[in-house]
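*Asks:* Sending over a structure as structure tokens; questions will come in a sec.
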Ligand code: PHE
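Numbering (the numbering used here), first residue to last: 14 to 371.
Printed below as a string of structure tokens:
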């Protein structure tokens with residue numbers, strides 16, 4: 014075969030290769046150990062100097078031409094492969110993103126936040142106290158006598174290892190935070206205290222642990238009218254019902270005098286607070302009253318100088334009523350399905366201020 018023919022055939026084979034593998038086979042056939050061009054080059058060794066002077070440049074020219082053609086074809090095939098890959102891996106930027114599974118805010122936490130926001134708008138700070146309380150803060154300072162049934166073992170969880178000078182209890186209400194606040198800071202005082210409380214109680218509407226928010230105002234010249242306005246304002250804002258109907262009933266707590274219980278009117282069909290005309294049921298939502306002079310005195314303040322009001326409300330009940338939840342016990346079961354359904358998005362706190370300042 015002539016050199017020209019060999020070159021023409023090899024270049025044709027290179028041009029015809031459609032994959033890197035096919036091209037490699039062509040390269041091996043021509044330039045590999047047993048390759049046709051390699052064999053041709055080997056013949057140079059057996060030639061006379063004159064023959065070599067003629068054939069050497071021709072053979073080498075052939076080798077260079079084929080080597081260049083192989084390189085060019087390889088570059089072309091690589092580029093085609095890259096383009097194909099790019100086309101295949103193209104991403105649709107308009108597809109919705111798969112978000113990671115998100116948790117949700119428990120209705121009780123949600124309601125606590127809502128309440129804190131409403132009361133912040135009314136100028137109340139948030140105060141805190143321990144859940145393991147001594148019986149002085151939980152009972153005695155609140156004018157709850159030794160004989161009061163709330164002190165009985167079957168109502169209150171006592172801590173067995175109490176120090177000799179103080180009986181420790183799981184606080185039965187958030188009212189001890191009233192005492193701690195009055196002892197720790199000078200009036201005027203305007204605080205709320207959200208938190209867990211404990212009672213030895215368990216049925217469909219009672220759990221041994223539940224949540225309260227305490228409110229306390231101590232100042233000069235505070236009257237029942239301030240209490241009433243504050244409670245009405247907060248309940249309207251919380252339920253986002255402007256004509257919500259409240260019932261103020263005389264009641265009794267050792268630490269307030271006079272004492273008032275407040276019921277919210279609701280519609281039994283919707284299970285939610287309603288305006289006048291739609292109300293056919295009442296739910297007691299809080300206890301309140303004017304702080305008893307003895308409580309003010311127990312905290313080292315002069316009851317002739319300082320007066321105030323206090324209230325305590327069940328957060329869980331408020332949550333049930335506002336969001337139409339029926340089973341109190343489900344609140345504390347930790348059932349993911351229930352939480353998914355009844356929880357709130359962390360990024361979707363309803364604007365409470367909008368409710369407080371319509
Ligand atoms: N501590 C009372 C309760 O748990 C509620 C209350 C608080 C009543 C403040 C009056 C004043 O029932």
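Virtual Cβ for every residue (Gly too), placed ideally from N, Cα, C.
Does residue 279 pass the burial test, meaning 16 or more other C-beta atoms within 10 Å, or should it be called exposed?
*Replies:* Here residue 279 is taken as the residue at index 266 of the chain shown, counted from 1. Buried, by the Cβ-count rule.
*Asks:* Could you pull the DSSP bridge partners for residue 209 from this structure?
*Replies:* Translated into the one-based positions of the chain shown, residue 209 becomes position 196. DSSP, once it has assigned bridges, lists 224 as partnering residue 209.
*Asks:* Could you tell me the boundaries of the alpha helix (DSSP H) in which residue 330 lies?
*Replies:* For the purposes of this step, residue 330 is taken as residue 317 along the chain shown, with counting starting at 1. First-last of the alpha helix (DSSP H) with residue 330: 328-336.
*Asks:* Quick one: Cα of residue 232 to Cα of residue 222, how far?
*Replies:* If you number the chain shown from 1, residue 232 lands on position 219. If you number the chain shown from 1, residue 222 lands on position 209. The straight-line gap from Cα to Cα measures roughly 32 Å.
*Asks:* For residue 316, name the three-state secondary structure that DSSP assigns.
*Replies:* Counting from 1 along the chain shown, the entry for residue 316 is found at position 303. Residue 316 falls in the coil class under three-state DSSP.
*Asks:* Can you find a heavy atom of the ligand PHE that lies under 7 Å from the Cβ of residue 310?
*Replies:* Stepping through the chain shown from its first residue, residue 310 is reached at position 297. Every heavy atom of the ligand PHE is 7 Å or more from the Cβ of residue 310, so no.
*Asks:* Pick helix, strand or coil for residue 303, following the three-state DSSP scheme.
*Replies:* In the chain shown, counting from the first residue as 1, residue 303 sits at position 290. If DSSP states are grouped into helix, strand and coil, residue 303 belongs with the strands.
*Asks:* Taking the straight line between their C-alpha atoms, what separation do you get for residue 48 and residue 102?
*Replies:* The residue labelled residue 48 in the question sits at position 35 within the chain shown. The residue labelled residue 102 in the question sits at position 89 within the chain shown. Going by the C-alpha atoms only, they are around 39 Å apart.
*Asks:* For my contact list, residue 356 and residue 118 are in at a C-beta cut-off of 8 Å; report their separation, rounded to the angstrom.
*Replies:* Along the chain shown, one-based indexing puts residue 356 at 343. Along the chain shown, one-based indexing puts residue 118 at 105. With 8 Å as the limit, residue 356 and residue 118 qualify as a contact, their Cβ atoms being about 6 Å apart.
*Asks:* So what does residue 285 bridge to, in DSSP terms?
*Replies:* Here the question's residue 285 lines up with position 272 in the chain shown. Beta-bridge pairing links residue 285 to 280.
*Asks:* State yes or no: is the C-beta of residue 151 within less than 8 Å of the C-beta of residue 194?
*Replies:* Position 138 of the chain shown, counting from 1, holds the residue named residue 151. Position 181 of the chain shown, counting from 1, holds the residue named residue 194. Their beta carbons are not under 8 Å apart, which means residue 151 does not touch residue 194 by this criterion.
*Asks:* Hey, residue 301 and residue 244 are a contact pair by Cβ (cut 8 Å); roughly how many whole angstroms apart?
*Replies:* In the chain shown, residue 301 corresponds to position 288, counting from 1. In the chain shown, residue 244 corresponds to position 231, counting from 1. Residue 301 to residue 244, Cβ: 7 Å. Contact.
*Asks:* Quick check on residue 188: buried or exposed, where buried means 16 or more other Cβ atoms within 10 Å of its Cβ?
*Replies:* One-based indexing of the chain shown puts residue 188 at position 175. When all chains shown are included, residue 188 counts as buried.
*Asks:* For residue 370, does the three-state DSSP call read helix, strand or coil?
*Replies:* By 1-based counting over the chain shown, the position of residue 370 is 357. A caution first: residue 370 carries a pLDDT of 37, below 50, which makes its placement in the model unreliable, though a value can still be read off. If DSSP states are grouped into helix, strand and coil, residue 370 belongs with coil.
*Asks:* Using beta-carbon positions only, say whether residue 54 and residue 76 come within less than 8 Å of one another.
*Replies:* Looking up residue 54 in the chain shown gives position 41. Looking up residue 76 in the chain shown gives position 63. A contact, by the Cβ cut-off of 8 Å.
*Asks:* Going by C-alpha distance, which of 213, 219, 29, 239 is nearest residue 168?
*Replies:* Here residue 168 is taken as the residue at index 155 of the chain shown, counted from 1. Comparing Cα positions, the closest option is 213.
*Asks:* Determine the burial state of residue 335: buried for a count of at least 16 other Cβ atoms within 10 Å of its Cβ, exposed for fewer.
*Replies:* Position 322 of the chain shown, counting from 1, holds the residue named residue 335. With 16 or more other Cβ atoms within 10 Å, it is buried.
*Asks:* Following the continuous beta strand (DSSP E) through residue 342, name the residue where it begins and the one where it ends.
*Replies:* Translated into positions along the chain shown, residue 342 becomes position 329. Careful: residue 342 lies outside any beta strand (DSSP E) and carries neither H nor E.
*Asks:* Around the C-beta of residue 23, are 16 or more other C-beta atoms found within 10 angstroms, so that it is buried, or is it exposed?
*Replies:* Taking the first residue of the chain shown as position 1, residue 23 is located at position 10. By the 10 Å Cβ count, residue 23 comes out buried.
*Asks:* Specify whether the segment 340-355 and the segment 246-266 touch according to this definition: at least 3 beta carbon pairs, one from each stretch, less than 8 Å apart.
*Replies:* With the cut-off at 8 Å, the segment 340-355 and the segment 246-266 do not touch.
*Asks:* Identify every residue that forms a DSSP beta bridge with residue 266.
*Replies:* Here residue 266 refers to the residue found at position 253 when the chain shown is read from its first residue. Paired residue(s): 269.
*Asks:* On a Cα-Cα basis, can you pick out the residue from 164, 127, 351, 215 that is closest to residue 249?
*Replies:* For the purposes of this step, residue 249 is taken as residue 236 along the chain shown, with counting starting at 1. For residue 249, the nearest C-alpha among the options comes from 127.
*Asks:* With burial defined as no fewer than 16 other Cβ atoms inside 10 Å of the residue's Cβ, what is the status of residue 330: buried or exposed?
*Replies:* In the chain shown, counting from the first residue as 1, residue 330 sits at position 317. Its Cβ being crowded by 16 or more others within 10 Å, residue 330 is buried.
*Asks:* Taking 7 Å as the cut-off, is the beta-carbon of residue 268 closer than that to any non-hydrogen atom of the ligand PHE?
*Replies:* If you number the chain shown from 1, residue 268 lands on position 255. Under cutoff, so the answer is yes.
*Asks:* Using DSSP with H/G/I as helix, E/B as strand and the rest coil, what is residue 34?
*Replies:* Sequence index remark: in the chain shown, residue 34 carries index 21 (1-based). Helix.
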